[in-house]
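In this text, residue positions in the sequence shown follow my numbering: the first is 500, and each later residue adds one. The next block holds one structure in the form of structure tokens; read it before the comments.
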Amino acid sequence: MITKRQKEVLDFVKIYSKEKGYAPSLEEIQRKFKLASVSTAHFHISKLRKAGYVEKSENKARAISISKKEPLVKIPLLGVIAAGQPIEAIENKESIVVPKSKLPRATEVYALRVRGDSMIDENINDGDTILIKRQNIAENGEKVVALINGNEATLKTFYKEKNQIRLQPANKNYQPIIVKRGQDFSLQGVLFDVIKTSETIQPLQTFVLPSKKDFQERGSARNYLNKVYNGDIMHVLKDLPDNSVDMIFGDPDYNVGIKYGSNNYTRNFEDYINWYIELTKESMRVLKTDGNLFMMNYPQQNAHLRVKYLDLQFPHINEYVWVYNTNVGHTPKRFTTAHRSILHVRKSDDNKFFKDEVALPYKNPTDRRIRQNLANGSKGRMPYSWFEFNLVK
């Protein structure tokens, strides 16, 4: 199971190797796909190697090679399992063919077709095929095939608790199944792999962006207004055509270890800045000539973005400061950071900026010059380049 990006990397390795007689280096893969760092290229190659598509010798240059056709193994497809409510177990005399590398050693395995949606938050969807290692014990947190009351099979995450077993779905619309002590219950195996119904999967791509052709033919992005796209922002931006967006407000991950679900977003600072620059480059590419880009981050991160990229490319940059209250982050070594930097970047000096919509009342409306401005239709003064907006407690 590989992502769309990994499939693209694999295709590039195949074409490059065929044309030149040797494989591309990790640096060449990074440049080809404009990845944030060499480590990202290494990550994709590692995933391809684990999936059996490529081979790589460690600590050698150009040590990537396409795997030779590996042997395939037939395993029995025993039927359909519910990822929703339990259903009766079915056994069909069928089999499926999978790469031998997918299978654990010296273990009996079988396959089941998934029906239902109670495991969708684990990316196990209706129609997927799951590979099961047959065993009658499991660790907490493992996804298992369980048999309840002798004939009802279900796929859930296993948790052994005091005097009971909890079979937890991965969909908030379903309740966990509680198995009490003494109830007829057995484990039929532990899930070790998922074969998606589609050839490849792109994480978080739960939407379809308008194609560049649609933008060109329809001549307007209005058909796509007031919609929320849930996905990797780099994938989203790359699907948008040049000069198509009026305004972008970026509030990216700050690289300070904040957890989102099970992920902790912290990386090497240089890798983070390279990623941040690539994100800003894509944002500026899709921004219209008269558009406005706002990027909010910690002052240090935005300083690196300016010096290493923005100041070299775009002369029209202003910096604003958001000041807020905070009760965390105090240190005896320095003053506490209690503000964010917001960079306002424009491609030209002819950007659209609706002054009247953000104007504030004049502080001295009786001043002669202010009275003249009001007489000429002014709605008020522009906000200052800093503002205070306290965090909600």
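Glycine included, each C-beta is placed from N, C-alpha and C at the ideal position. None of the values given here were measured: they were computed from a predicted structure.
TODO: Please report how far the alpha carbon of phenylalanine 511 lies from the alpha carbon of glycine 551, in whole angstroms.
DONE: Mapped onto the sequence shown, residue 511 falls at position 12. Mapped onto the sequence shown, residue 551 falls at position 52. Approximately 16 Å between the Cα atoms of the pair.
Open item on the list: Using 8 Å as the threshold, is the C-beta distance between glutamate 781 and methionine 733 below it?
Closed with: Taking the sequence shown and counting its residues from 1, one reaches residue 781 at position 282. Taking the sequence shown and counting its residues from 1, one reaches residue 733 at position 234. For glutamate 781 and methionine 733, yes; Cβs fall inside 8 Å.
Open item on the list: Considering just the uninterrupted stretch of the alpha helix (DSSP H) at lysine 506, what are its terminal residues?
Closed with: By 1-based counting over the sequence shown, the position of residue 506 is 7. Lysine 506 -> alpha helix (DSSP H) spans 503-519.
- [ ] Look at the alpha carbon of leucine 611 and the alpha carbon of alanine 581, and state the distance between them as a whole number of angstroms.
- [x] Here residue 611 corresponds to residue number 112 of the sequence shown, with the count starting at 1. Here residue 581 corresponds to residue number 82 of the sequence shown, with the count starting at 1. For leucine 611 and alanine 581, the distance between alpha carbons rounds to 10 Å.
Task: Cα-Cα separation, leucine 708 to proline 740 - done: Translated into the one-based positions of the sequence shown, residue 708 becomes position 209. Translated into the one-based positions of the sequence shown, residue 740 becomes position 241. Only weak support exists for where leucine 708 lies, its pLDDT of 44 falling under 50; the coordinates are left without a value.
Task: glutamine 663 beta carbon less than 8 Å from that of valine 644 - done: What you label residue 644 is simply residue 145 of the sequence shown in a count that begins at 1. What you label residue 663 is simply residue 164 of the sequence shown in a count that begins at 1. Not in contact: valine 644 and glutamine 663 (Cβ atoms no closer than 8 Å).
Open item on the list: Quick check on valine 857: does DSSP put it in helix, strand or coil?
Closed with: What you label residue 857 is simply residue 358 of the sequence shown in a count that begins at 1. Reduced to three states, the DSSP call for valine 857 is helix.
Open item on the list: Could you compute how far the alpha carbon of isoleucine 747 sits from the alpha carbon of isoleucine 544?
Closed with: Residue 747 sits at position 248 when you count from the first residue of the sequence shown. Residue 544 sits at position 45 when you count from the first residue of the sequence shown. Cα to Cα, isoleucine 747 sits roughly 33 Å from isoleucine 544.
Task: Bounding residues of the beta strand (DSSP E) (the contiguous stretch that carries serine 564) - done: Position 65 of the sequence shown, counted from the first residue, corresponds to residue 564. Run containing serine 564: 563-565, per the beta strand (DSSP E) assignment.
Task: Buried/exposed call for valine 596, threshold 16 Cβ in 10 Å - done: Start at 1 with the first residue of the sequence shown, and residue 596 comes out as number 97. So valine 596 counts as exposed.
TODO: Enumerate in chain order the residues of its own chain whose CB-to-CB distance from lysine 846 is below 6 Å, with the five nearest sequence positions on each side excluded.
DONE: To locate residue 846, count along the sequence shown from 1; it is residue 347. Here the set comprises Thr788.
Open item on the list: Would phenylalanine 886 and valine 844 be called neighbours here (beta carbons separated by less than 8 Å)?
Closed with: Here residue 886 corresponds to residue number 387 of the sequence shown, with the count starting at 1. Here residue 844 corresponds to residue number 345 of the sequence shown, with the count starting at 1. For phenylalanine 886 and valine 844, no; Cβs fall outside 8 Å.
TODO: Express the C-alpha separation of arginine 870 and arginine 880 in angstroms, rounding to a whole number.
DONE: As a working mapping, residue 880 is identified with position 381 in the sequence shown. As a working mapping, residue 870 is identified with position 371 in the sequence shown. Rounded to whole angstroms, arginine 880 to arginine 870 spans 12 Å at the Cα level.
- [ ] Figure out for me which residue from Pro523, Leu534, Leu509 has the closest Cα to the Cα of lysine 549.
- [x] Here residue 549 is taken as the residue at index 50 of the sequence shown, counted from 1. It is Leu509.
- [ ] Indicate whether leucine 525 and alanine 535 have their beta-carbon atoms separated by less than 8 Å.
- [x] Your numbering for residue 525 matches position 26 in the sequence shown. Your numbering for residue 535 matches position 36 in the sequence shown. It is not a contact, given that the beta carbons lie outside the stated cut-off.
Open item on the list: So, with DSSP's three-state summary, where would you put arginine 530?
Closed with: Locating residue 530 in the sequence shown gives position 31, where the first residue counts as 1. If DSSP states are grouped into helix, strand and coil, arginine 530 belongs with the helices.
Open item on the list: Once the 5 residues before and after aspartate 810 are set aside, which same chain residues still bring their CB inside 8 Å of it?
Closed with: As a first step, residue 810 is located in the sequence shown; it is residue number 311 there, counting from the start. Once the five neighbours on either side are set aside, the close Cβ partners of aspartate 810 are Ile816.
TODO: Would you decide whether alanine 874 is buried or exposed? Buried here means 16 or more other CB atoms lie within 10 Å of its CB.
DONE: Walking along the sequence shown from the start, residue 874 turns up at place 375. Exposed.
- [ ] Write down the C-beta distance between serine 884 and tyrosine 819 rounded to the nearest angstrom, noting that I regard them as a contact closer than 8 Å.
- [x] Within the sequence shown, numbered from 1, the residue matching residue 884 stands at position 385. Within the sequence shown, numbered from 1, the residue matching residue 819 stands at position 320. That pair is a contact at about 5 Å.
- [ ] Taking the CB atoms as reference points, tell me whether lysine 832 and alanine 858 lie closer together than 8 Å.
- [x] On the sequence shown, position 333 is the one that residue 832 refers to. On the sequence shown, position 359 is the one that residue 858 refers to. Not closer than 8 Å, so no.
TODO: Give the DSSP-derived three-state secondary structure of asparagine 796 in the structure shown.
DONE: Taking the sequence shown and counting its residues from 1, one reaches residue 796 at position 297. Strand.
Task: First through last residue of the beta strand (DSSP E) which encompasses threonine 830 - done: For the purposes of this step, residue 830 is identified with residue 331 of the sequence shown, where counting begins at 1. Element bounds for threonine 830: n/a, residue is neither H nor E.
TODO: For the alpha helix (DSSP H) containing leucine 809, list its first residue and its last residue.
DONE: On the sequence shown, position 310 is the one that residue 809 refers to. Unbroken run through leucine 809: none, as it is neither H nor E.
TODO: With distances taken Cα to Cα, identify the nearest neighbour of glutamine 687 among Glu769, Ile631, Lys807.
DONE: Within the sequence shown, numbered from 1, the residue matching residue 687 stands at position 188. Taking only the C-alpha atoms, the option nearest glutamine 687 is Ile631.
TODO: Would you mind stating whether tyrosine 658 and arginine 633 have Cβ atoms separated by less than 8 Å?
DONE: Residue 658 sits at position 159 when you count from the first residue of the sequence shown. Residue 633 sits at position 134 when you count from the first residue of the sequence shown. No.
Open item on the list: Measuring only the C-alpha atoms, how far is leucine 602 from leucine 547?
Closed with: Counting from 1 along the sequence shown, the entry for residue 602 is found at position 103. Counting from 1 along the sequence shown, the entry for residue 547 is found at position 48. Roughly 16 Å between the two C-alpha positions.
Task: Backbone CA spacing between isoleucine 574 and leucine 646 [nearest angstrom] - done: Mapped onto the sequence shown, residue 574 falls at position 75. Mapped onto the sequence shown, residue 646 falls at position 147. Answer to the nearest angstrom: the Cα atoms are 21 Å apart.
Open item on the list: Just verifying my parser: in three-state terms, what is the DSSP assignment at valine 727?
Closed with: One-based indexing of the sequence shown puts residue 727 at position 228. Coil at valine 727, not helix or strand.
Open item on the list: In the DSSP output, what is alanine 876 paired with across the bridge?
Closed with: Taking the sequence shown and counting its residues from 1, the one referred to as residue 876 is at position 377. Checking the displayed sequence, the identity of residue 876 turns out to be glycine instead of alanine. Paired residue(s): none; glycine 876 is not in a bridge.
Open item on the list: Quick check: what's the CA-CA separation for tryptophan 774 versus asparagine 754?
Closed with: As a working mapping, residue 774 is identified with position 275 in the sequence shown. As a working mapping, residue 754 is identified with position 255 in the sequence shown. Cα-Cα distance, rounded: 11 Å.
Open item on the list: Tell me the rounded alpha-carbon separation between lysine 671 and serine 617.
Closed with: Residue numbering aside, residue 671 sits at position 172 when the sequence shown is read from its first letter. Residue numbering aside, residue 617 sits at position 118 when the sequence shown is read from its first letter. About 8 Å.
Task: Residues of its chain near aspartate 627, where Cβ-Cβ distance is below 7 Å and the 5 sequence neighbours each way are ignored - done: Stepping through the sequence shown from its first residue, residue 627 is reached at position 128. The beta carbon of aspartate 627 sits closer than 7 Å to those of Val613, Val693, Ile694, Lys695, Thr696, all from its chain and outside the five residues before and after it, given in chain order.
TODO: For phenylalanine 748, write down the residues that DSSP places opposite it in a beta bridge.
DONE: Here residue 748 is taken as the residue at index 249 of the sequence shown, counted from 1. In DSSP, phenylalanine 748 forms a bridge with Phe793.
Open item on the list: Per the DSSP calculation, tyrosine 883 is bridged to which residue(s)?
Closed with: Locating residue 883 in the sequence shown gives position 384, counting from the first residue. Per DSSP, none; premise fails for tyrosine 883.
- [ ] Quick one: using the 10 Å Cβ neighbour count with 16 as the cut-off for buried, is valine 727 buried or exposed?
- [x] Locating residue 727 in the sequence shown gives position 228, where the first residue counts as 1. Exposed, because fewer than 16 other Cβ atoms sit within 10 Å of the Cβ of valine 727.
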